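K.L.:
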Amino acid sequence: AADAVTAAPPPVPRTDTAVLELSSPPGDGSVPRLLGSLGFTAVGRHRSKPVHWWRNGDAHVVVNETAADAAQAAAIGVTSPPVAVVADRAKALLWPAVATTRGEDEAPLPGITAPSGLHVFVSGEPGGTSDWHRDFVATGADDTGGLTGIDHVGVAVSPDDLDDEVGFFRTLFDLSPGPVEEFMEPHGRLRSRALRPPAGDLRVVLNVEETGARAHRLGVNQVAFSCDDLVAAVRGLRARGVPMMTVPDNYYVDLDARFALPADVLDVLREERLLYDRTGAGELLHAYTEVLPTGFYVELLERRGGYDGYGSPSTHVRLAAQRT
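Just so we're aligned: the sequence shown equals residues 548 to 871 in the working numbering.
1. Let me check one thing: in DSSP terms, what residues is TRP600 bridge-paired to?
2. Along the chain, where does the beta strand (DSSP E) that runs through GLY704 open and close?
3. Go ahead and label ALA548 buried or exposed: buried means 16 or more other beta carbons lie within 10 angstroms of its beta carbon, across all protein chains shown.
4. Please confirm if LEU641 has its CB atom under 8 Å from at least one CB of chain D.
5. Using a Cβ-Cβ cutoff of less than 6 Å, which residues in the same chain neighbour ALA554 once the five nearest sequence positions on both sides are dropped?
6. Thinking C-alpha only, which one of GLY735, VAL590 and PRO744 is nearest VAL755?
7. Could you name the residues that DSSP lists as bridge partners for GLN875?
8. Would the beta-carbon of PRO744 fall within 8 Å of that of LEU777?
9. Going by DSSP, what residue range makes up the beta strand (DSSP E) through GLY586?
10. Beta-carbon within less than 6 Å of PRO556's beta-carbon, same chain only, minus the 5 sequence neighbours each way: which residues are those?
11. Note down, in chain order, each residue of its chain lying with its Cβ closer than 7 Å to the Cβ of PHE715, except the 5 sequence neighbours on either side.
12. Is SER861 helix, strand or coil when you go by DSSP?
13. Would you kindly report the start and end of the unbroken beta strand (DSSP E) that includes VAL752?
14. Taking Cβ positions, are PRO628 and GLU672 nearer each other than 8 Å?
15. Once you ignore the five residues that flank THR562 on each side, which residues in its own chain have a CB closer than 6 Å to its CB?
16. For PRO558, is the classification buried or exposed, using 16 other Cβ atoms within 10 angstroms of its Cβ as the cut-off for buried?
17. Quick check on PRO560: buried or exposed, where buried means 16 or more other Cβ atoms within 10 Å of its Cβ?
18. Check whether the stretch 816-825 and the stretch 699-714 touch, using three or more Cβ-Cβ pairs below 8 Å as the test.
19. So within the stretch 637-701, which uninterrupted beta strand (DSSP E) runs reach at least 3 residues, ignoring any that extend past its ends?
20. When you compare each of THR676, ALA620 and GLY692 to ASP605 by their alpha carbons, which one comes out closest?
21. Work out the CA separation of GLY788 and GLY852 for me, nearest whole Å.
22. For VAL608, which of VAL630, TRP679 and LEU753 has the nearest alpha-carbon?
23. Starting from LEU569, follow its DSSP beta bridges and name the residues at the other end.
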C-alpha cells in the first residue's frame, strides 16, 4: 500500500461537489415527480444516454434511466481537475474504476467505486473539455429555483466498511476526516464522521448505524441542499406537497432555554418546524423531509455567519422522528 501511494501522482488541490446522480427504472415517473416537488426543473438531456439533467438554482441532479431495479441515489459527481490525474491516482491506489461508455466528443468523466459501492465521477473545470455539462443538450426550460448548491451528502456504510470508506476519500481526494460523533437513537446507536478537502466545498458525512438485528439501507441516505432563505424554501416544499419531518413542541422550549432567542424568531422556527443551532457568531437553520421513496431524505439548510457544522445538537430529534 505504501508503494502504491508513493507511485501515485499527488492529489489534486481542490475538490468541489458538482452533481448528484439518481438512478430510475426506465419509464418510471416517480423520480421526475419527486424532483419537481423539490423545485427542480428539467433543463437538459444527455447526447447519447437516457440521462436527464435537473436544476434548482445552483443545485444539480441527473437522472439515469438505465436498467435500475429501483429509484435510488447511486453516484455523486465532483469537480476535481485535472481529471486525468485523479484517474491515474485511483488506478495507482487500486481503487476500482466504474465501467462506462463514452460517446464521440463527450467529456472524459472517470468514475471510481468506493468500498461502500458509491460511484464517484470526476469532472473538470466548468466550460472545459472535461466538464460534465458539455454532455447535455439544453431543453430551453427556465430554472427559477433558489438553492445555492449541494451542501453535503450522507452515506450509510456498514461498521466493517467505515475505515475503508474513510481511506478511499482520504487517499484519493485528500479529504480529512473529522472526529467521530455518536448519537443514541431508539433502536441503537449512530456513529457519524464528516470529511472535507483542504480546498473546495465537497462535504461527505459517513454514517454507521449499530442497531443489532435491525436491517437498514446502505448507500446515500441523506442529501443536503443549501439556500439563502430557508423559510421561503420550506414553505415552497410544503406548498408542493413534500412531506416534512415532524418536530415536537418541546424542542422549541429547549431551544429557548439554550439560546434565549427573540420571541419573533422563535415563533417563526416553531411555525415552520425548523431546527436551529448557534456556535459563536455562526447560525444554522435547517429542516428535513421525511424519508423519500428514493431511500434518502432531503435536508434544506441555511448557514449564517460562517457556521461550519452540521447541527449535531438536533440530531436526536431527527433520529427519533425517523425511527418511530
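Beta carbons: idealized from backbone N, C-alpha and C, even for Gly.
These figures come from a predicted structure and were not determined experimentally.
P.N.:
The answer reads as follows:
1. GLY591 and VAL609
2. According to the sequence as given, residue 704 is Val; it is not Gly. Where VAL704 is concerned, there is no enclosing beta strand (DSSP E), given that its DSSP letter is neither H nor E.
3. Bear in mind that the predicted position of ALA548 carries a pLDDT of just 49, short of 50, making it too unreliable to give a figure here.
4. No chain D appears in this structure, which consists of one protein chain only.
5. ALA639
6. GLY735
7. Lying before the first or after the last residue shown, residue 875 is absent from the chain, which here runs from 548 to 871.
8. no
9. Note, GLY586: premise wrong, no beta strand (DSSP E); not H, not E.
10. VAL632, ASP635 and ARG636
11. TRP642, ALA661 and PRO662
12. helix
13. 751-757
14. yes
15. VAL625, SER627, PHE720, PRO744, GLY747 and LEU749
16. buried
17. exposed
18. no
19. 658-660, 666-670 and 683-685
20. GLY692
21. 31 Å
22. TRP679
23. VAL610 and ALA620
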